[in-house]
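So the protein lines, in turn, are chains R and H. Okay, so the first sequence: first residue is 2 according to our numbering, each after it adds one. Okay, so the second sequence: first residue is 117 according to our numbering, each after it adds one. Built from N, CA and C at the ideal position, the CB exists for glycine as well. Here the structure is a predicted model, which means the values were calculated and not measured. Structure first, then comments.
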Amino acid sequence: MNQIIKLQNIIKLFHRKRWLSLNEGEGVVRAVDDVSIAIGEGESVGLAGESGCGKTTLGRLIAGLYEPTGGTVTINGRNINDGSTQVRRLLRTECRMIFQNLDAALNPFMTVEQILDEPLKIHTKKSKSDRRKRILEVLELVNLPVAFKNEYPHTLSGGEKRRVSVARAIVVPPKILIADEPVSALDVSIRAQIIDLFQHLREELNLTMLFISHDLGVLNDVCDRILVMYNGKIVEDAPIDKLRSRTLEHPYSRRLTESVLQIKVE
Amino acid sequence: MRKEFSYDPNLEAAKGFKAFLRQPGSVSILIGSLFIIVFVAGALFGQYGYQLGLYPHSPTDVQYDRFDSPPTSSVLRTLFDRREEPEFDFEYYEPIEGHILGTDNDGRDIFIRVLNGASTYLYAGIVTVLISLLIGITLGSLTGYYRGKASESVASFITNVLDAYPRIVILIIVAFISHFNLYAIMVTLGILNATRIARIISGTIDSLKNTDFILAAKEIGLSDLTIIGKHIVWYNCRHLLSIQIIYGFASVILIEATLSYIGYGIGDPLVSWGRMIYEGSGGRYPHNFVAGVYWQAMPPVVAIIGTILGLNLLGDGLSKRFNVKQTDYLL
């Protein structure tokens with residue numbers, strides 16, 4: 002399989018700025034610590050782990066939003082941090098990210114239509130009426146009423162905001178989708194719809210997905226492979242069958258699978 | 117409050133003026149713009165009315181011939197003037213036909229001069245606001261977006277230096293050095309007003325630049341310049357900037373009036389409301405005012421009050437209109 006995303010020895014340090022800090026090393030956080038992974042084209046990979054273990058940082062590194070402190074991120078055989086604007090532009094057209102934070106992910110002063118229009122304006126040469134048509138199509142796809150196109154984000158509920166985020170990510174069909182907790186804060190029926198939507202997109206566009214979530218049930222539905230992250234390191238890289246059969250090897254992954262709640266019918 | 121349950125499809129049908137009225141701040145915008153339309157129309161009339169032959173007097177025409185004839189009585193005089201015998205030789209004309217609001221001490225028509233003053237302020241206001249927006253947004257973006265880098269320290273140093281002086285003193289000095297040149301006063305005031313805009317922009321950028329929607333905009337592929345211009349300045353600052361733009365415009369009128377009143381205003385071929393008030397309320401001929409020649413000072417005072425009121429209403433309305441987060445409204 003053609004390896005579309007390749008990370009080699011990625012390290013990302015964050016410097017905690019402290020007022021009058023005397024000790025240099027004290028404020029350094031190793032968010033991602035020597036991570037090497039490869040994701041094939043059309044593959045759907047789940048990234049699980051506890052909060053604060055570096056899942057989101059890893060996703061943002063792949064999306065090119067953060068510069069790694071060490072190591073290289075290669076997408077389609079090209080290092081995205083080599084400073085070339087051409088590679089950047091290609092990355093921006095092919096790679097989309099769904100952000101975790103519901104409230105901050107949408108510009109509070111823009112209507113839903115303006116938000117969805119933005120990627121279309123940059124990455125396509127469609128006329129205004131075509132863009133509007135596409136926006137309505139996508140709104141229908143994520144199951145939002147058409148009238149919502151004139152709404153501002155603060156008038157939407159959490160689930161509706163999340164669906165607008167998803168709509169923004171797919172309004173120009175991407176090749177790589179990094180979904181950062183895309184179904185958290187959604188109720189179960191809509192969660193199923195969104196997961197269906199992802200699976201549908203995957204088949205249709207041969208989408209490569211990195212699905213970041215702490216919800217193993219969702220990963221089980223969507224992914225072919227699961228990565229477990231612990232303390233900035235990838236501790237487990239296994240096919241999804243191992244999650245289903247509960248035969249993950251690392252102690253932390255085992256703890257993770259054991260703590261999944263299940264409905265028992267007696 | 118949820119839309120799914122309360123969405124009335126008929127509400128969407130409202131278009132044009134009805135939809136405009138439903139938006140917040142629309143009444144203020146309407147009344148404010150009425151004032152401003154009157155101001156702009158007056159400015160145009162004051163500038164071109166004489167040249168186009170719409171009004172018989174020009175703002176700078178000194179009509180010495182009228183000095184030979186004594187003041188003519190008028191309705192105003194019979195109503196308000198309780199003097200029994202005139203003590204002084206008056207060198208002005210009371211409101212009579214031909215001069216709607218009378219003339220000033222030099223025999224110039226007050227009506228056309230007030231309107232001509234509006235054109236001075238319109239021009240000066242627009243230039244000042246543009247200068248302050250240009251400088252303010254540049255400085256603010258540099259300080260906000262590139263915090264911690266060299267450009268930030270230079271830009272914030274400039275902002276702090278500009279803010280450290282009392283503005284009226286700077287303006288008096290500039291007016292004095294430049295021989296009361298309007299351009300010099302405009303540029304100085306524009307630069308001084310820019311610091312407020314810079315602080316607003318840099319503060320907003322600082323609080324927003326690490327939020328997810330700015331990251332999302334980067335991720336979509338927008339450049340830094342577009343992110344600052346579109347997402348931050350246009351969408352997230354415009355409700356604050358509209359007030360600052362209006363404030364900048366009003367400050368031109370108020371500060372110029374203040375400068376003129378203390379004798380440091382713009383020079384003679386240009387008309388200044390502050391100078392008109394100074395002349396009308398005593399000025400070079402204190403006995404006029406003492407003797408009850410109130411109509412010389414009244415028109416510019418009314419013009420200033422009306423313009424500032426209109427500007428404030430407009431700014432208030434625009435700010436409410438743009439601040440969509442504050443008011444939950446249906447389109």
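The Cβ of H/L338 sits closer than 8 Å to at least one Cβ of chain R. Against chain H, the beta carbon of R/P175 has no neighbour under 7 Å; the closest one sits roughly 11 Å away. The contact set of R/R164 on chain H, defined by CB atoms closer than 7 Å, is empty, because the minimum CB distance reaches about 13 Å. The beta carbon of R/A49 sits no closer than 8 Å to any beta carbon of chain H. Per DSSP, the beta bridge partners of R/M98 are R/I179. For the 8 Å CB-CB criterion, H/I361 and H/V245 form a contact. When C-beta atoms of the stretch 168-179 of chain R are compared with those of the stretch 81-101 of chain R, three or more pairs fall below 8 Å, so the two segments count as touching. Taking a C-beta cut-off of 8 Å against chain R, none of the residues of the stretch 133-146 of chain H qualify.
Within the same chain, A168 and V172 come within 6 Å of R/V139 by CB-CB distance, once the 5 residues on both sides are set aside. Contact between H/S367 and H/N297 is absent: CB atoms are separated by about 18 Å, not below the 8 Å threshold.
Of all residues in the stretch 222-252 of chain R, none comes within less than 8 Å of chain H when Cβ atoms are compared. Proximity of chain H to R/P120 at the Cβ level (cut-off 9 Å) is accounted for by I336 and G337, in chain order. In the three-state reduction of the DSSP assignment, R/R31 falls in the strand class.
The residue among H/G364, H/I421, H/V230 and H/T374 with its C-alpha nearest the C-alpha of H/L305 is H/G364.
Collapsing the DSSP output to three states places H/L338 in coil. Boundaries of the alpha helix (DSSP H) harbouring R/L202: V189 to L206, taken from the DSSP string. Rounded to whole angstroms, the separation of the alpha carbons of H/D279 and H/G433 is 28 Å.
Look at R/R247 here: in three-state DSSP terms it is coil, with no helix or strand label. Fully contained in the stretch 58-126 of chain R are the following alpha helix (DSSP H) runs of length 4 or more, in chain order: 86-95 and 113-124. Per DSSP, R/R17 lies in no alpha helix (DSSP H) and is assigned neither H nor E. Distance from the CA of H/I359 to the CA of H/I253, rounded to the nearest whole angstrom, comes to 15 Å. The DSSP-derived three-state label of R/Y231 is strand. In the DSSP assignment, the residues bridged to R/A49 are R/V229. Between the stretch 176-194 of chain R and the stretch 118-134 of chain R there are fewer than three C-beta pairs closer than 8 Å, too few to call the two in contact. Residues of the stretch 100-133 of chain R whose Cβ lies closer than 8 Å to any Cβ of chain H, in chain order: F100, Q101, N102, A105, A106, L107, N108, P109, F110, M111, E119, P120, I123 and H124. Not flagged as an interface residue toward chain R: H/V243, since no C-beta distance is shorter than 8 Å. Identification of chain H residues near R/H155 by a Cβ-Cβ cut-off of 7 Å yields K441, ordered along the chain. Residue-level contact check: H/N352 touches chain R, since one or more beta carbons of chain R fall below 8 Å from its beta carbon.
Secondary structure note for R/T209: its beta strand (DSSP E) is the uninterrupted segment T209 to I213. Here H/A419 is not bridged, per DSSP, to any residue. Within the stretch 313-331 of chain H, the residues whose Cβ lies closer than 8 Å to some Cβ of chain R are T327, D328, F329 and L331, listed in chain order. Taking C-beta atoms as the reference points, R/D225 and R/I213 fail to come closer than 8 Å. From the listed residues R/P109, R/V29 and R/I63, the smallest Cα separation to H/V440 is found for R/P109.
H/I343 sits buried, since 16 or more C-beta atoms from the chains shown fall within 10 Å of its C-beta. Taking every protein chain shown into account, the CB of H/F273 has fewer than 16 other CB atoms within 10 angstroms, so this residue is exposed. Residue state for H/G162 is assigned as helix, using DSSP reduced to three classes.
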